[in-house]
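Below is one structure; the comments refer to it alone.
In the UniProt record's numbering, the protein residues as written are 1 to 60.
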């Protein structure tokens, strides 16, 4: 049997000290839009934003 996690004073750590509720493995596997970017998104971010604000997203 494994020992429980302890804090700096060697007492059993609380949920807040271990951040147990912060970890969600399913969300870690699906981070969202992080991988849906292109090189152009990083090279010309200001010009793309201007097109979106002007309502001309498809225009060049």
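Built from N, CA and C at the ideal position, the CB exists for glycine as well.
In DSSP terms, what residue i is bridged to
i	result
residue 18	DSSP, once it has assigned bridges, lists no residue as partnering residue 18.
residue 38	According to DSSP, which records beta bridges pairwise, residue 38 is partnered with nothing at all.
Beta-carbon proximity of residue i to residue j, cut-off 8 Å
i	j	result
residue 29	residue 18	no
Own chain residues within Cβ distance below 6 Å of residue i, not counting five before or after
i	result
residue 9	none
residue 7	13, 17
Spatial distance of residue i from residue j (CA atoms)
i	j	result
residue 24	residue 15	14 Å
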